[in-house]
Structure formats: structure tokens, C-alpha cells
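Participant: Following this message is one structure expressed as C-alpha cells.
There are 2 protein chains.
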Amino acid sequence: MATLSDVARRAGVSPATASRVINGSSKPVTEELRARVLAAVAELQYVPNAHAQLLARSHRSAVGVIVHDVSDPYFAEITRGLQRVATDQGRLLMICNSYRDPDRELEYVELLRGHQVAALILAGSGYHDQAFTRQLNEKLAAYEATGGRVAVIGRHEHSGDAVMPDNRAGGYLAGRELCGLGHRAIGVVAGPRILTTTTDRLAGLRQALTEQGRELPERRIRYAEFDRDGGAEATARLLDADPELTAIVALNDSMAIGALATLRARGLAVPQQISVVGFDDMPIARDVTPALTTVRLPLVDMGVRAMSLVLGAGAPTPRVEVLPAELVRRDTAGPAPRSSRATAGSAPRARRGDAAS
Amino acid sequence: MATLSDVARRAGVSPATASRVINGSSKPVTEELRARVLAAVAELQYVPNAHAQLLARSHRSAVGVIVHDVSDPYFAEITRGLQRVATDQGRLLMICNSYRDPDRELEYVELLRGHQVAALILAGSGYHDQAFTRQLNEKLAAYEATGGRVAVIGRHEHSGDAVMPDNRAGGYLAGRELCGLGHRAIGVVAGPRILTTTTDRLAGLRQALTEQGRELPERRIRYAEFDRDGGAEATARLLDADPELTAIVALNDSMAIGALATLRARGLAVPQQISVVGFDDMPIARDVTPALTTVRLPLVDMGVRAMSLVLGAGAPTPRVEVLPAELVRRDTAGPAPRSSRATAGSAPRARRGDAAS
DNA sequence: TCCCTGCGGGAAAGGGCTTTCTCTGCGGTA
DNA sequence: TACCGCAGAGAAAGCCCTTTCCCGCAGGGA
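If you read the protein sequences in the order shown, they are chains A and B.
Numbers in the working numbering are just positions in the first sequence, counted from 1, shifted up by 61.
Numbers in the working numbering are just positions in the second sequence, counted from 1, shifted up by 61.
Dropping the structure here:
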């Protein structure tokens, strides 16, 4: 690889001058030398060694992001928001997938710290795990002590800046909607119980049911992986245990899609025989059939806010921004069927909005 | 940030010794000093500066990956394959999204080169653009000249190692299937015509139709963005121009989903009135209703192969691995309706496989 | 004519780490 | 007893850049 001094030598100038030309330094350089340097750069196909640059400049510019999995639409949307702000400010993003493995999350914090990122953003659910939480907080505190900025998205176990979707309110919305439709036997297809996202959403849902004089017993909840197959499998278990269910709340849209698959496989009509409500409103939600009724979270906006917090001026006290959840009524939730499973309920209501473009 | 010499000072040893302990060097260090160093590391929460390390070691370990968009399921799957091999070999992946912008692709090649990656993988369609192709090849050649390894996935404009999905054969498969079902008026919802992926798939499709004595005139092709909304919009234009279409081939599954949305919005029954075939077999394909008939590409495997090529021994001549496409019959393609649009065709065939887990 | 100013350029000092080379001191052999 | 060899530790030379500091020179004002 050609180095800066190769370029300088070829151009017949000092490395200092070459550097100034290449970086567009404010210090003036004669047109003639500038041209010679640029010519040498082109001839040698010179590309500065990023590590040497980062080392020489004290300036830290990249931002580290840790998500569960970028290819999961939930995080893809958040990342889109993060990117938008970062790009505007000329920041490079280093994105790491923890695949919901706490240890890997810890490792990535170190890794990113080692890469001298200016800020760190952790997106995705927190864990109900004291030991882990303490470790993570120690690491983050150490990082902040050296001037690093930290923000978390959707997890409340860290004490710093945070952007929180209102998971609890979202759960509440889902519960209230189904109660309003007359459902009494409501099952839940939940993510891993160690995730705070799961428990928060569940808490809101439970609150809604309780307020209506209903309840949400543990036997109507099945925990599984937070993905399509987890949803399919949990739904199957739920139906096996309690065939009288008239509604299912899936704690994210991927699980909801799995739930729909299982229902279809079993010949249960949605929403005539059984209703389904999802969570997140990922883009695909409107394209499944029937289109998914779900709780929308402003995912892109969450990313935008988090990146703005972290790149903006620091605050003396941690800031927590709570972003509201919103119910999106589509076609998978309808009135509870009158009698038993054998009778189909009323027709689904007309679909609102969301027609193809 | 604590530095290595801070650690050394605190442990009362030289930086050299500290470095040896931290990196597990083969050079022996007394147990006592080792313990002191490790204690100092823990107390100071020391994390080595990755840039300084990379600079000091001549050893290059990271691998650069350029894709159109990781959050697109097509690339998410490929990336999964890349990751698997990279992780096995202890390599870090740097993933960049070009968002199908050739200039950005060029920039990322430089950026990754600057970051001293050991290898570079470009995934995603190539472009019909002489000037760009030449520039890219120059940059890649320069990189290879300094010992960098390069592989491309799904693009044939580069002369080095390549993993190619058989796009043309896939297009052929889709065409043959529809011909076999008796379709004559087949429309195509295509991605941007500048992409080689588009033209390759189209070529295969055209060949199948030609062999059957049919044809594929340009007026039955609509080009749009390679995503859901592009598919929806192109389908609308196609139907407006030619309401007699009995089948639509979408050149990727995202577009197919958009197409289904448009058809549903217009009240056209799939596959009774109109058939749809997608391409890629992304995971969601089996979950839309009706489940999507599509051409499967071994995406994960493509990633695995590419990473193996690039991390394995070099070869004197470029290696090209062509991976086969395969038709996956589900529920969106059925026999062509007998007469006109008004009459529904025969019932869809029974759905094969793919039941919920 | 002399001095000061300011501009354009180079020398050199880091930045944090790895690694080779060198040095010290010990145990063992002749 | 003298010497050799080696284990274990440190000194120092890079790795490739950026940036401060300094220097020489030319032009302008007194």
C-alpha cells in the first residue's frame, strides 16, 4: 500500500504539505504543489490509512450502534432513523448485532470503545438480569467517564439518556381494543420473559384487562423466541391448551405473522373466529392477508431522537424521551364470535386506508 | 482514556510486558507480573485502542462488505452466510450500504481500503454502466495489487472471484411454469433496467416464452424501484395498459408483494383471475396470502461461498461459482383463466408444504 | 536601507500500540 | 572458578498520519 510519504516523495514535497493538500487543510498551499500532490495521489491510487488518521487526529467521529439484529425490520427502521441523522452530520456508523446475547452485547461495548467511537447507542430490549445489568452499567459508566456519550433505545436499565417507546401504553391499547370488541378469552404470544420489552407490553395489556374486570392468567401466555417461528409455535401451544380463545395478542409483528400462519394451518378464520393483534407495525404488517391490526411505534423517529440526543449538547441530568404508541386498526381484529368456535362471527369490518399506492 | 502505558505504570512494568500479557503473547511472563498487569487492566477499565493496534500490527483481519441494503431480506440472508464464515474464522465484518448508488459504492471501496480490510466482498446487482464499471474495476485492481482479496456476489462485471445466482435460469423457470399453466398474456414487474439482475432475469424469462412460441414485448414490462412500492406501482401501470393480463412475474419478492397489494386493491383474485410469480424466496414469501410462488435462490449459501473464497487460498485464475435457482410452487400461480377477466378460473391447487411449524 | 510582517513550506513531535533487539542475572557445565 | 546460555524484562524502533512550531524569503512601510 502506498503511504503518505510515498506520495510526498513522488510529488517532491514534504509529507506535511501532502497531508495538507489531501485533507484540504486551511493552511494555503501553492497551486503548483497542490497539483503535483494530487497527481501523485492519482498515480499511486493512494488512500490514507484510516487507522493512522484516527490515531493522529484526537478527533473522534464514528458512532457505535448495538442492536439485536439489523435485518429484523424493527431494528432496520430504527437504524434508518439513526443513519439519517448521522449522515447529516458526517458521522460514520459502526453497527453491531448482538443477536440478543447479553455477553456479546458486553463485548461489543468494549470493541466499540476500542474503536474510539464518539458515542454509543444501544437499541433493543433490556434484560431482567441483575448481574448483566450491573456489568453493562459499569462498562457504560467507564466509557462515559472518558467523555463518551451514551443513549439507549427501548431499555430502561441504564441511567443515561434514553428514548423509550411506550410499550406499556401500547399493550394497554391492544388490550382495550380487544375488550371493546367483546373478547374475554384472550391469549398472548410473548417474547422471552427475560426481555423488559416483553414484560412491559404484558403489563400494559394486563392493566387494560384488569380495568375491564377481566384477567390475564399465566396459562394464557406462551413465551417463545421473538420471531415468526416463535410466534407460530407459541400459538400452536396456546390453542392446544385453550381451544376457546377468541383473540390472540402477539407481542411483536413477526410473532403475529407466525400466529396467522398457525391459524391458517388450522383452518381458523381471522378475524371471524379468532382475532389477532400485533405490535410494532413493521412495514409488512399491511401486506399480509388479512392486514394486521397492530400497535404502531414510531421506529424511525426513535432512531432520529436517539442520535440527536447523543450528538447534541450533553445535559446535566439524563433525558428520557417517551414516544407514544398508537393503535392501527386493520383487518385481523373483529368482534368476538357470539358462541363457540363452530359458528363464524360477523363479517370483518371494512379495511381502512392502506390501499396499494 | 487509559492507555497501555498507564496500565504499565500502574502495574510497575514496562509497556512491552503489559502488551505481552494483554495479548497473550507467546513470550513468557512471570505469573506475578502477569497478575499485576491484569489487575491494573481491570482497575483502569483499560481497552486497547483498536486503531493503534491495527496500525502497529501489519496483520489485517477485518473484511469489508458492500451491499445495497442489509435490511433488505435478500441481503440480510446473504449477510447471514457471510457472517457465519467470518465469525468462525474470527474475522470482523464491516458492512456498508450503498443503497444502489454506484458513487457510494466507489466511495465505500476506498473507505474500506483505508480501513485496511483483508478482503472485500461486493454483493448485489451490477450496473449497465461502462464508466462506472471501469472505475470500479480500476479501484478493485489497485486494491488487489496490494494483496487485497476481492469477491463479488451476483455481478459479473468484475473479473475476479465471483458467486453467481443463476438469475437467467431462474427467469427461465418462472416463464416455463407460467407457460405450462397456459398463460399467454404475461406481464413483468421489473427492477431498474440499469441493473444486470433485472436484465438477466428478464433474459431467462424471455427465452422461456420464446421457446414456447410466445413473446415478451416491451409494452408488457414495467420498470420501477426494486421494492414493495415499486412493485405496487408498476403493477398498476401494467394493468392500466393491458387489462387482459393473466399473469405477472415480479423480478423480486418485494415487488411481488407490492403487486399482490395492488391486485387485492383492485379486487382481482389471485390466482383465479391472475397469477403472480416472485423471485428470491425471501422468508416472508410463505407468509403472505396466498403464499407466494417464487424462484428460490440459495442466499445464505451464496454468502458462505463468497466468504470462503475470499478467506481461503487464492487461485491463479478467477473462480466463478454458479448457484442454481429453483422454482418453489405455492399458491399464487394457477392455470390461466379460460375466458375473460369476468370469469374466475379453476380453483387454486392445493398448497404444498410450508404449513406452519 | 533596514526592519517587520506574513506567507508558504518543512522538520519534528506526538498518537498508542507491537515487536525486535538488547540487557541483566541466574543456573549449569567444563 | 570462569564461562556459556537462556529466561525474563525493558528500551526503542517503527506503523502512518496530523499538526504545531519554526524558518526563510519576499514585499511593504518608515
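From the three backbone atoms N, C-alpha and C, an ideal C-beta is built for every residue, glycine too.
1) Give every residue of the same chain whose Cβ lies closer than 6 Å to the Cβ of residue 391 of chain B, excluding the five residues on either side of it in the sequence, and list them in chain order.
2) When the Cα of residue 153 of chain A is compared with those of A/181, A/166, A/134, A/169, which residue comes out closest?
3) Nearest to residue 498 of chain B by alpha carbon, out of B/208, B/74, B/244, B/231?
4) Taking Cβ-Cβ distances shorter than 7 Å, what residues in chain A pair up with residue 171 of chain B?
5) Can you list, in chain order, the residues of the segment 131–142 of chain B whose Cβ is nearer than 9 Å to any Cβ on chain A?
6) For residue 155 of chain A, which of helix, strand or coil comes out of DSSP?
7) Just how far apart, CA to CA, sit residue 291 of chain B and residue 319 of chain B?
8) Examine the Cβ distances between the segment 124–133 of chain A and the segment 153–166 of chain A and report whether three or more of them are shorter than 8 Å.
9) Could you give the distance in angstroms between the alpha-carbon of residue 230 of chain A and the alpha-carbon of residue 283 of chain A?
10) Could you tell me whether the segment 102–112 of chain B touches the segment 187–205 of chain B, where touching means 3 or more Cβ pairs closer than 8 Å?
11) Using a threshold of 9 Å, state whether the C-beta atoms of residue 384 of chain B and residue 224 of chain B are closer than that.
12) Pick from A/240, A/220, A/258, A/218: whose alpha carbon is nearest that of residue 358 of chain A?
13) Helix or strand or just coil, what does DSSP make of residue 368 of chain A?
14) Quick check on residue 125 of chain B: does DSSP put it in helix, strand or coil?
15) Would you verify that the beta carbon of residue 145 of chain A is, or is not, closer than 9 Å to some beta carbon of chain B?
16) Using a C-beta cutoff of 9 Å, does residue 207 of chain B count as contacting chain A?
17) Are the C-beta of residue 177 of chain A and some C-beta of chain B separated by less than 9 Å?
18) If distances are taken between C-alpha atoms only, which option among A/121, A/315, A/367, A/144 comes closest to residue 456 of chain B?
19) Answer with yes or no whether the minimum CB distance from residue 162 of chain A to chain B is below 9 Å.
20) Pick from A/215, A/217, A/218, A/222: whose alpha carbon is nearest that of residue 209 of chain A?
21) Count the C-beta pairs between the segment 171–179 of chain A and the segment 117–128 of chain A that are closer than 8 Å, then say yes if the count reaches three, no if not.
22) What are the uninterrupted segments assigned as beta strand (DSSP E) that are 3 or more residues long and contained completely in the segment 181–252 of chain B, given in chain order?
23) Would you kindly work out how many angstroms separate the C-alpha atoms of residue 342 of chain B and residue 317 of chain B, rounded to a whole number?
24) Which complete beta strand (DSSP E) runs does the segment 302–363 of chain A hold, if anything under 3 residues is left out?
25) Please tell me whether residue 339 of chain A and residue 260 of chain A are closer than 9 Å, where the distance is taken between their beta carbons.
26) Tell me the DSSP secondary structure of residue 283 of chain A in three-state form.
27) Just list the residues that DSSP pairs residue 82 of chain B with in beta bridges.
28) Starting from residue 170 of chain A, follow the alpha helix (DSSP H) in both directions and report where the run begins and ends.
29) Are the segment 226–242 of chain A and the segment 264–279 of chain A touching, with three or more C-beta to C-beta distances below 8 Å?
30) Evaluate residue 406 of chain B with the Cβ neighbour count: other Cβ atoms within 10 Å of its Cβ, from every protein chain shown; 16 or more gives buried, anything less gives exposed.
31) At a CB distance below 9 Å, what residues from the segment 323–351 of chain B approach chain A? Give them in sequence order.
32) Could you tell me if residue 117 of chain B is buried or exposed, where buried requires 16 or more neighbouring beta carbons within 10 angstroms of its beta carbon?
33) Ends of the alpha helix (DSSP H) at residue 68 of chain B?
34) Out of B/101, B/88, B/331, which one is the CA nearest neighbour of residue 74 of chain B?
35) If the cut is a Cβ gap below 8 Å, which residues of chain B does residue 203 of chain A touch?
36) Report the partner residues of residue 420 of chain B according to the DSSP bridge assignment.
Facilitator: Here's the rundown:
1) 352, 353, 354.
2) If we check each option's Cα against that of residue 153 of chain A, A/181 comes out closest.
3) This structure gives no information on residue 498 of chain B, because the portion of chain B shown stretches from 62 to 418.
4) Those within 7 Å of residue 171 of chain B in chain A are 108.
5) Within the segment 131–142 of chain B, the residues whose Cβ lies closer than 9 Å to some Cβ of chain A are 131, 132, 133, 134, 136, 137, 138, 140, 141, listed in chain order.
6) Strand, per DSSP.
7) Each residue's alpha carbon lies about 7 Å from the other.
8) Enough Cβ pairs lie closer than 8 Å, so yes.
9) Going by C-alpha positions, residue 230 of chain A is about 21 Å away from residue 283 of chain A.
10) Judged by Cβ distances under 8 Å, the segment 102–112 of chain B makes no contact with the segment 187–205 of chain B, as fewer than three pairs qualify.
11) Residue 384 of chain B places its beta carbon less than 9 Å from that of residue 224 of chain B.
12) Between residue 358 of chain A and the set A/240, A/220, A/258, A/218, the nearest pair of CA atoms involves A/258.
13) In the structure shown, residue 368 of chain A sits in a helix (DSSP, three-state: H, G or I).
14) Residue state, collapsed to three classes: strand.
15) Using a Cβ-Cβ cut-off of 9 Å, residue 145 of chain A does not count as an interface residue toward chain B, since no Cβ of chain B sits closer than that to its own.
16) Among the residues facing chain A, residue 207 of chain B is included, as its CB has a counterpart in that chain under 9 Å away.
17) The Cβ of residue 177 of chain A sits closer than 9 Å to at least one Cβ of chain B.
18) Residue numbering for chain B in the displayed model covers 62 to 418; residue 456 of chain B lies beyond these limits and cannot be assessed.
19) Not one chain B Cβ lies under 9 Å of residue 162 of chain A.
20) For residue 209 of chain A, the closest alpha carbon among the candidates A/215, A/217, A/218, A/222 is that of A/222.
21) Three or more pairs of CB atoms, one per stretch, sit closer than 8 Å, so the segment 171–179 of chain A contacts the segment 117–128 of chain A.
22) As far as the segment 181–252 of chain B is concerned, its whole beta strand (DSSP E) runs of at least 3 residues are 210–214, 222–226, 247–251.
23) If you take the alpha carbons of residue 342 of chain B and residue 317 of chain B, they lie about 10 Å apart.
24) Listed in chain order, they are 308–311, 336–338, 355–357.
25) No; because the gap between Cβ atoms is not below 9 Å, this pair is not in contact.
26) In the structure shown, the three-state DSSP call for residue 283 of chain A is strand.
27) In the DSSP assignment, residue 82 of chain B is bridged to no other residue.
28) Its alpha helix (DSSP H) spans residues 163–175.
29) Flag = yes, the segment 226–242 of chain A and the segment 264–279 of chain A touch.
30) At residue 406 of chain B the pLDDT is 40, less than 50, meaning the model places this residue with poor confidence; the figure from the coordinates comes in the next sentence. Burial call: buried.
31) Within the segment 323–351 of chain B, the qualifying residues are 323, 324, 325, 326, 327, 344, 345, 347, 348, 349, 350, 351.
32) Result: exposed.
33) Residues 65–72.
34) With distances taken between Cα atoms, residue 74 of chain B lies closest to B/101.
35) 106, listed in chain order.
36) Past the edges of chain B, shown from 62 to 418, lies residue 420 of chain B, and the structure says nothing about it.
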